[in-house]
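Enquirer:
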Amino acid sequence: MDTLLLMLICGGGYLVAYHTYGRVLAKKIFKLDENARVPSVERQDGVDYVPTRKGIIFGHHYTSIAGTGPIVGPAIGIIWGWLPAILWLFFGSIFMGAMHDFGALVVSLRNDGKSVSEVAAKYINMRVRFIFFAVVFLSLLIVIAIFGVVIATVFTAFPSAVIPVWLQIPIAVALGFAVYKKTANVAIATAIAIVGMYMCIAIGSLVPVELVTAFGIPPTGLWVIILLIYAWVASTLPVTTLLQPRDYINAWQLFIAMGLLVAGVVASSFSSGLPLVAPAFNRALPAGTPPIWPFMFVIIACGAISGFHSLVASGTSSKQVSKETDCQFVGYGSMLLESFLAMLVLVCVAAGIGMALKLDDGTILTGQAAWQHQYSVWIGEKGLSDKIAPVVIGAANMMAKLGLPEMVGITLMGVFIASFAGTTLDTATRIQRYVVSELANDLRIPFLANRWIATTFAVLTAAGLAFATGADGKGAMKLWPLFGTANQLLAALSLLVVTLYLKSKGGLKFIVAALPCLVMLVITNWAMVKNEILFLTNEKYAGEKWLLSTIGAVIFVLALWMTIEALIAFGLRRPTHSRQKAGVST
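Residue numbers (the working numbering): 555 to 1140.
1) According to DSSP, simplified to helix, strand and coil, what is I783?
2) Would the beta-carbon of A620 fall within 7 Å of that of F1064?
3) Less than 7 Å separating the beta-carbons of K858 and S618?
4) Give the single residue among L865, L781, A811 whose Cα lies nearest to the Cα of F894.
5) In chain order, what residues of the same chain lie with their CB nearer than 7 Å to the CB of G565, ignoring the 5 residues before and after it?
6) Which one or two residues does DSSP pair with I771 in a beta bridge?
7) Grouping DSSP H, G and I as helix and E and B as strand, with all else coil, what is K1063?
8) With Y929 and V661 assumed to form a contact (beta carbons below 8 Å), what rounded beta-carbon distance in angstroms separates them?
9) Helix, strand or coil for L1090, going by three-state DSSP, please let me know.
10) Taking the CB atoms as reference points, tell me whether I1109 and A1040 lie closer together than 7 Å.
11) What are the start and end residues of each continuous alpha helix (DSSP H) run of 4 or more residues lying completely inside the stretch 563-600, in chain order?
12) So, at 8 Å on beta carbons, what are the nonlocal neighbours of I985 in its own chain, with the 5 sequence-adjacent residues on each side left out?
13) Report the rounded CA-to-CA distance for I828 versus K955, giving the unit in angstroms.
14) For the alpha helix (DSSP H) that A1012 lies in, which residues bound it at each end?
15) Let me confirm a value: K941 is counted as buried when at least 16 other C-beta atoms fall within 10 Å, else exposed. Which label applies?
16) Counting pairs of beta carbons, one from the stretch 819-836 and one from the stretch 622-631, are three or more of them closer than 8 Å?
17) Do you know how far the Cα of H615 is from the Cα of S888?
18) Give me the Cβ distance between V989 and V690, rounded to the nearest whole Å; I'm assuming they're in contact under 8 Å.
19) According to the Cβ coordinates, are A699 and A1016 closer than 7 Å?
20) Alpha helix (DSSP H) containing A699: first to last residue?
21) Leaving out the 5 sequence neighbours to the left and right, which residues in its chain are closer than 7 Å to G770 when beta-carbon positions are compared?
22) Which two residues bound the contiguous alpha helix (DSSP H) that contains G750?
23) Of the residues D556, L760, R591, I610, which one's Cα is nearest the Cα of A741?
24) Quick check on the DSSP output: the alpha helix (DSSP H) that includes M952 runs from which residue to which?
25) Tell me the rounded alpha-carbon separation between V733 and D801.
26) Does the stretch 951-967 come into contact with the stretch 806-823, if we say contact requires no fewer than three beta-carbon pairs (one atom in each stretch) closer than 8 Å?
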């Protein structure tokens, strides 16, 4: 299929889905009410609960969920062929991922902005709350520790991205001050901030920054320490000081980058053609590649469905949405746009890389030879730099058709990846603080619920995991093989909560969440079982097999337990209107 036609079909399909299925969910299933009371107004505190304009909260939500997942996932998942990858991205996001994000946001919004873990206690039972907390805490622990390493790796691979990423912080603070303290015009302030941000990118391409080993700590370890300190500060500040404005300008950065990629596809298609050089179905899989069922659905996570999104929706976004009717745009719309981003990444690695691939010896490969060179081995076993290299090369090739120098294109992509990993890092740290505080309140440990103490606990536990294996800060990589299944399991469990919420409202509305939930439970548990076998039998995991298999088994048992509890609750729970008739309070 022609690359340009593929992009147009997918882009148009997402728009149609938003205005049809998205509207059905908003008006018929969840019945959003513009005048309903929302937590951001009822519990406004100027720190976490802040009513926010739809466009700004969209920027925060979108950049928080669009970390490296929609980039790395498709770059790996295309190994099975571009057709199954694009089908999962397209239909998975419309009927599962966007439904999941939208549902988690609405359910949290209607329960005082509480996390999905807390809401689970209401719609299932109190035991489930602690099961959910355990899965959520572990998932966030890995995310915080891993994303420190991810950004450190990007800084090492793209030193030209260092200055632009760090200078975004004062630009964001200035933007937040101008808009919230000086009531500046949002459009003008945004334009100035974006111009400043791209000036920093130009400076970065000319002045790369590279750390050296200090105090016996290698560059990656130093970056992890610096980034965790930043995450502590960012997650304790009021959302209007740094979190919102940084995510907002990062969203504009993403819109511009996506616009450049779209323009690159168009320019490449009309100038020299842009064929899909990756196979539609790859029947010559390299050694070590796992089977497409169920692993493609776990590896291509964020572009189709991701449990982490429910944590953002019920963690930070539900505390800032100013009215219920904004949820379709923020929850459903942002997931579709993330899937469109994942589709563009797929185009970069399926077509863009075929334009030119320069090898170390100066040889330039094109067409299928370029793609085969990058995917002749199982890319899932490579390091992060190797995983994102096809994306960066393909994107730079297409941007070159617009007249952008190769170095500028590479810097743009490096800043793009590091910035979104950074927004995920500080949002995940803030959400972990919420999780720790909620659990501390439940267990009546008030000092641990304190904002600064809870954040310190979140950061120190992540630091402990990061440096558990040495000074390079890569300790969390030991648990990384668990994250894919744990993340998708979290999506299934969140859909369980949404299903029970809709079941309590009566009728058959719950089916829109129950069917995706069932699919995710089957796929994820299947993958977890296969992973357990792999951990115990594959020599590659010899050093960590008992660690991985034990933690994996614990997560599997907890998930099974919660599923059984949910099924029992599903059978017992009567619709809200029936309970009200019986005189039972809801």
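Even glycine gets a Cβ: it sits at the ideal position worked out from N, Cα and C. Just so we're clear, the structure is a prediction, and the values are computed from it rather than from any experiment.
Expert: Let me lay it out:
1) In the structure shown, I783 sits in a helix (DSSP, three-state: H, G or I).
2) A620 places its beta carbon 7 Å or farther from that of F1064.
3) The sequence shown places Ala at residue 858, rather than the Lys named in the question. No. Outside cutoff.
4) The shortest Cα separation from F894 among L865, L781, A811 belongs to A811.
5) For G565, where only same-chain residues beyond five positions count, the Cβ hits under 7 Å are F894.
6) DSSP lists A768 as partners of I771.
7) Shown here, K1063 sits in coil according to DSSP, grouped into three states, outside any helix or strand.
8) At roughly 40 Å, the Cβ-Cβ gap does not stay under 8 Å, so Y929 and V661 are not in contact.
9) Looking at L1090 - three-state DSSP - the assignment turns out to be helix.
10) A1040 sits close to I1109, with the two beta carbons spaced by under 7 Å.
11) Those alpha helix (DSSP H) runs which fall completely within the stretch 563-600 and span 4+ residues are 575-578, 593-596.
12) S669, L694, L865, V866, G869, T870.
13) It is worth fixing the name first, because residue 828 is Leu in this sequence and not Ile. Straight through space, the alpha carbons of K955 and L828 are spaced by roughly 11 Å.
14) 1005-1020 is the extent of the alpha helix (DSSP H) around A1012.
15) Label assigned to K941: buried.
16) Pairwise C-beta distances place the stretch 819-836 out of contact with the stretch 622-631, as fewer than three of them are shorter than 8 Å.
17) If you take the alpha carbons of S888 and H615, they lie about 7 Å apart.
18) Right, their Cβ atoms sit about 6 Å apart.
19) The answer is yes: Cβ separation under 7 Å.
20) DSSP places A699 in the uninterrupted alpha helix (DSSP H) bounded by 680-711.
21) Taken in chain order, the residues that qualify are A1025.
22) If you look at G750, you'll find it in the alpha helix (DSSP H) that goes 740-760.
23) Taking only the C-alpha atoms, the option nearest A741 is I610.
24) For M952, the enclosing alpha helix (DSSP H) stretches over residues 938-954.
25) V733 and D801: Cα-Cα distance of roughly 14 Å.
26) Yes, the stretch 951-967 touches the stretch 806-823.
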